[in-house]
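Numbering-wise (the numbering used here), the sequence shown opens with residue 115 and increments by one. Just so it is clear, CB atoms sit at the ideal spot from N, CA and C, and this is done for glycine as well. It should be emphasised that the depicted structure is a prediction, and the values quoted were computed from it without experimental measurement. Down below is the structure, laid out as structure tokens.
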Amino acid sequence: MAKFRSWVNEASSGRPREFMTVLLLVIANGFIWQMVISVIPLLSKSLGAGEVEIGVISVIPAITTIIASVPGSLLGQKLGKRFLFISSQLTGIACALALLNARGFSQIIIAQVLFGVSNALFWPTELAYFSEIIPGHMRAGVMGYTLAVCSIAGTMGPSLGGYLIDNHGYGPVFGVYVAVVSACCLVAFTLPRSQPVGTYRGETAGSGLAGAVEVLRRPALQVTVMNTFFNSITLQTLDVFFPVLLANLGYSAMLIGTVTTVRMAGLTLMRLFIGRLTERVPAPRLLFSGLFLSSLAVGLIPLAPVPFCIYACSLLAGVGYGAVSVLTPTIIAENSDSSERGVAMALDNAAFNGGRVSSGIGIGWIGGMVGLGTSILVASAVVFSGLAYSLSVYVRNTRVPSQRYEYRNT
115 MAKFRSWVNE
125 ASSGRPREFM
135 TVLLLVIANG
145 FIWQMVISVI
155 PLLSKSLGAG
165 EVEIGVISVI
175 PAITTIIASV
185 PGSLLGQKLG
195 KRFLFISSQL
205 TGIACALALL
215 NARGFSQIII
225 AQVLFGVSNA
235 LFWPTELAYF
245 SEIIPGHMRA
255 GVMGYTLAVC
265 SIAGTMGPSL
275 GGYLIDNHGY
285 GPVFGVYVAV
295 VSACCLVAFT
305 LPRSQPVGTY
315 RGETAGSGLA
325 GAVEVLRRPA
335 LQVTVMNTFF
345 NSITLQTLDV
355 FFPVLLANLG
365 YSAMLIGTVT
375 TVRMAGLTLM
385 RLFIGRLTER
395 VPAPRLLFSG
405 LFLSSLAVGL
415 IPLAPVPFCI
425 YACSLLAGVG
435 YGAVSVLTPT
445 IIAENSDSSE
455 RGVAMALDNA
465 AFNGGRVSSG
475 IGIGWIGGMV
485 GLGTSILVAS
495 AVVFSGLAYS
505 LSVYVRNTRV
515 PSQRYEYRNT
């Protein structure tokens, strides 16, 4: 126990209580995130939505997040991270209440907008917080551990949601959502007030967007953000369209939930060991390998939609995304200053949700014409093409010393 306390104290730069409070928020929000995104497609389908409608509904949080991410991070520079954490949980309460009382598509749309705002305020903030507080030499390992704990909680969300739907309907699912985010809001109020982090390298706060563009000019961040965009296509497919595909094939909500649980288990395992892997394999190679595995898994499932293949590919997809999810914020942190890190994370979050928007609309639209299985195969091909282009940019830039893709384990 004393050894663990010593480790937490070192990992948090001497702020263990604050570190553990934010970690608790991450665990709870990870649980809710996975439960809600796995339930919304099934709720929409139960109300009569087809593939196109489900695709449109699924991208609403992503569109909202794209709009709110960068302004939210700039607001956090003035009011501090505590304000963003509290605001995200208050918005989550409003979303939970909207879903609890949903009787039609209008309530779902309102809830999805609120869900997007809550995510835009919370996830970039927690990534920026951990990347700043964790010492550089421990960053990949500690972020892997913290995100692994989050994904462990996430494995419970879809299975619990599926169980409650099969046995009690949708009401109890959203009742759990209300209870969890309400508790998180109270926890967020216990965080210490943080000071504004300032502005970009001599710029004024009003020119923050110009600073954001400057961040994207760095080759390392360009490649990372591109990979985030294409990785989000695979994640959107897994989160939104695989539940619908499996439901169309006659699988139960409980089985659909356990498939997501298996994926989260693979994600957790990779996050636990990613710190050790980065000691032997360069982070960019692991990043590209992770995206390759997840996109391969997406393409294989429609070709053999039997339980063994579904579970195996879900595990493979989880392992791939586990690598990407840890290395992305780590590489961003190593290639940005502390004063701009929040906006850099927000830009990456916007790219992530941009991929979810484009894939949500595209897969749903193509699926309505040629079938969902074929549409998912097209999405996998798009991701492989994007991976090839991103890899070519990486190789080209590593040949130029002044533009080298950096990963400094310091």
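{"Asked": "Complete runs of the alpha helix (DSSP H) confined to the region 342-408 [at least 4 residues]", "Found": "356-362 and 367-391"}
{"Asked": "Own chain partners of LEU278 with C-beta closer than 7 Å, once the 5 adjacent residues on each side are dropped", "Found": "PRO286 and VAL287"}
{"Asked": "Beta-carbon separation (whole angstroms), THR444 vs ARG253, contact threshold 8 Å", "Found": "6 Å"}
{"Asked": "Distance CB(VAL337)-CB(SER504) smaller than 8 Å", "Found": "yes"}
{"Asked": "Collapsed DSSP secondary structure at ARG119 in the structure displayed", "Found": "helix"}
{"Asked": "Euclidean distance between Cα positions of TYR508 and ASN123", "Found": "36 Å"}
{"Asked": "For ARG537, the first and last residue of its enclosing alpha helix (DSSP H)", "Found": "Outside the displayed span of the chain (115 to 524) sits residue 537, for which this structure offers no information."}
{"Asked": "Among GLY169, MET149 and LYS159, nearest to TRP479 - alpha-carbon criterion", "Found": "GLY169"}
{"Asked": "Backbone CA spacing between GLY320 and ARG377 [nearest angstrom]", "Found": "With a pLDDT of only 39 at GLY320, under the threshold of 50, the placement of this residue in the model should not be trusted, and no figure is reported."}
{"Asked": "Cβ pair SER409, LEU501 closer than 8 Å", "Found": "yes"}
{"Asked": "Three-state secondary structure (DSSP) of GLY206", "Found": "helix"}
{"Asked": "Residue of LYS117, SER489 and THR269 minimising C-alpha distance to PHE355", "Found": "SER489"}
{"Asked": "C-beta atoms of CYS298 and ALA411 nearer than 8 Å", "Found": "no"}
{"Asked": "CA-to-CA distance, PRO272 to VAL284, given in whole angstroms", "Found": "Note on residue identity: the sequence assigns Tyr, not Val, to residue 284. When rounded, the distance between both Cα atoms is 13 Å."}
{"Asked": "Local Cβ density within 10 Å of LEU300, reported as buried at 16 or more and exposed below that", "Found": "exposed"}
{"Asked": "Helix, strand or coil at ARG574 according to DSSP, with G and I counted as helix", "Found": "A query on residue 574 cannot be resolved here, the shown segment of the chain reaching from 115 to 524 and no further."}
{"Asked": "Neighbour-count burial assignment, SER450, 16 or more Cβ in a 10 Å radius", "Found": "buried"}
{"Asked": "Expected contact under 8 Å - CB spacing of PRO419 and LEU156 to nearest Å", "Found": "In fact, because the Cβ distance is near 17 Å, the residues do not count as touching under 8 Å."}
{"Asked": "Unbroken alpha helix (DSSP H) run spanning ASN233, endpoints", "Found": "219-247"}
{"Asked": "Contact the region 191-199 vs the region 169-182: 3+ CB pairs below 8 Å", "Found": "no"}
{"Asked": "C-alpha gap between GLY268 and ALA208, whole angstroms", "Found": "21 Å"}
{"Asked": "Sequence ranges, alpha helix (DSSP H) only - wholly within the region 403-451, length at least 4", "Found": "421-448"}
{"Asked": "Helix, strand or coil at LEU305 [DSSP, three-state]", "Found": "coil"}
{"Asked": "Coil, strand or helix - GLU132 by DSSP", "Found": "helix"}
{"Asked": "Cβ-based burial, ASP280 [other Cβ within 10 Å; buried from 16]", "Found": "exposed"}
{"Asked": "Alpha-carbon to alpha-carbon, ILE446 and ALA334", "Found": "8 Å"}
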